[in-house]
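Chemist:
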């Protein structure tokens with residue numbers, strides 16, 4: 001059956017546009033399109049596939065008079081106005097199943113690098129410094145790992161940790177009865193009391209903005225290693241820096257930042273960023289935790305399946 005037009009605003013795996021055509025859609029793939037340009041043409045489309053560049057907020061959705069679905073490549077609901085979609089019979093779709101493994105493996109890799117000073121030692125060797133004792137690390141084996149947010153990525157992170165025989169304390173405000181023989185369903189106080197490592201796996205919302213702030217870090221009974229592969233605005237960066245300087249945090253692995261457009265930084269933001277790096281205890285990657293060759297294909301497969309189900 002011939003369906004309407006679908007606008008894809010991001011680079012995607014070739015499987016996605018090909019599969020949409022096979023489902024009967026006319027596909028317009030414009031990976032270089034700007035938000036302003038999308039606003040000019042969105043009224044012609046039945047479907048919209050985005051990532052983070054073209055935000056499907058109320059302004060855009062009001063113009064999308066034919067829209068039946070809006071889909072995000074990856075996890076996170078902050079780029080889609082879910083409330084407007086539900087009220088106006090537009091189906092919102094995300095695909096966290098597609099990059100959950102990629103995020104989990106990246107979080108593990110960053111954590112191992114932190115514990116063993118891998119990133120720091122590599123830079124030192126490049127500078128002809130061979131410092132063994134100063135880079136003596138810590139084993140992950142049998143540590144207590146706190147996971148806050150136990151959706152797709154939090155659960156996948158717990159799975160990749162199993163070989164290290166950790167105690168995994170997991171908390172999710174909206175999911176219950178998920179504990180099993182290797183995951184202890186916990187509350188925040190139990191995580192504050194026992195965690196050696198804390199990994200955030202939260203969506204960004206008004207409720208979770210600056211979830212990890214000065215007061216949050218002060219609750220931990222012992223210094224922790226901190227990992228954030230969720231959203232930058234879930235963490236107050238200045239408070240994170242203060243907690244590192246006060247030795248409440250032994251090291252931080254960040255795949256996301258409050259402001260990921262480094263070229264737009266104010267003097268104050270530049271100073272915080274500079275001090276973070278100067279601690280020698282922070283590892284930062286450019287929001288690539290879910291960004292693998294495999295996840296690109298899996299996201300396409302997940303979206304095709306979910307879009308297909310919308311038309312059954």
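Residue numbers (the numbering used here): 1 to 312. We put the beta carbon where it would ideally sit given N, CA and C, even for glycine.
Once the 5 residues before and after residue 164 are set aside, which same chain residues still bring their CB inside 7 Å of it?
Modeler: Contacts found: 140, 141.
Chemist: Once the 5 residues before and after residue 319 are set aside, which same chain residues still bring their CB inside 6 Å of it?
Modeler: Missing from the structure shown is residue 319; the chain here goes from 1 to 312 and no further.
Chemist: Tell me the residue span of the beta strand (DSSP E) that contains residue 38.
Modeler: Where residue 38 is concerned, there is no enclosing beta strand (DSSP E), although the alpha helix (DSSP H) it sits in stretches over 35 to 41.
Chemist: Have a look at residue 228 and residue 259 and give me their C-alpha separation to the nearest angstrom.
Modeler: Taking the straight line from one Cα to the other gives about 14 Å.
Chemist: Among the candidates 115, 111, 117, 62, whose CA atom is the shortest distance from the CA of residue 90?
Modeler: Taking only the C-alpha atoms, the option nearest residue 90 is 62.
Chemist: For a test of your reading of the model: does the CB of residue 23 fall under 7 Å from any non-hydrogen atom of the ligand FAD? Yes or no.
Modeler: Absence of the ligand FAD from the depicted structure is noted, as is the absence of any ligand whatsoever, leaving it without description.
Chemist: Does the pairing of the region 249 to 267 with the region 69 to 77 give three or more beta-carbon distances under 8 Å?
Modeler: No, the region 249 to 267 is not in contact with the region 69 to 77.
Chemist: Among 309, 28, 114, which residue has its Cα nearest to the Cα of residue 14?
Modeler: If we check each option's Cα against that of residue 14, 28 comes out closest.
Chemist: Please confirm whether residue 114 has its beta-carbon closer than 8 Å to some beta-carbon of chain D.
Modeler: The structure shown contains no chain D, having only a single protein chain.
Chemist: On the CB-based measure, 16 or more other CB atoms within 10 Å of its CB, does residue 96 come out buried or exposed?
Modeler: Buried, because 16 or more other Cβ atoms sit within 10 Å of the Cβ of residue 96.
Chemist: Could you please give the first and the last residue of the uninterrupted alpha helix (DSSP H) stretch that includes residue 309?
Modeler: Element bounds for residue 309: 293 to 310.
Chemist: Can you tell me whether residue 175 is helix, strand or coil according to DSSP?
Modeler: Residue 175 falls in the coil class under three-state DSSP.
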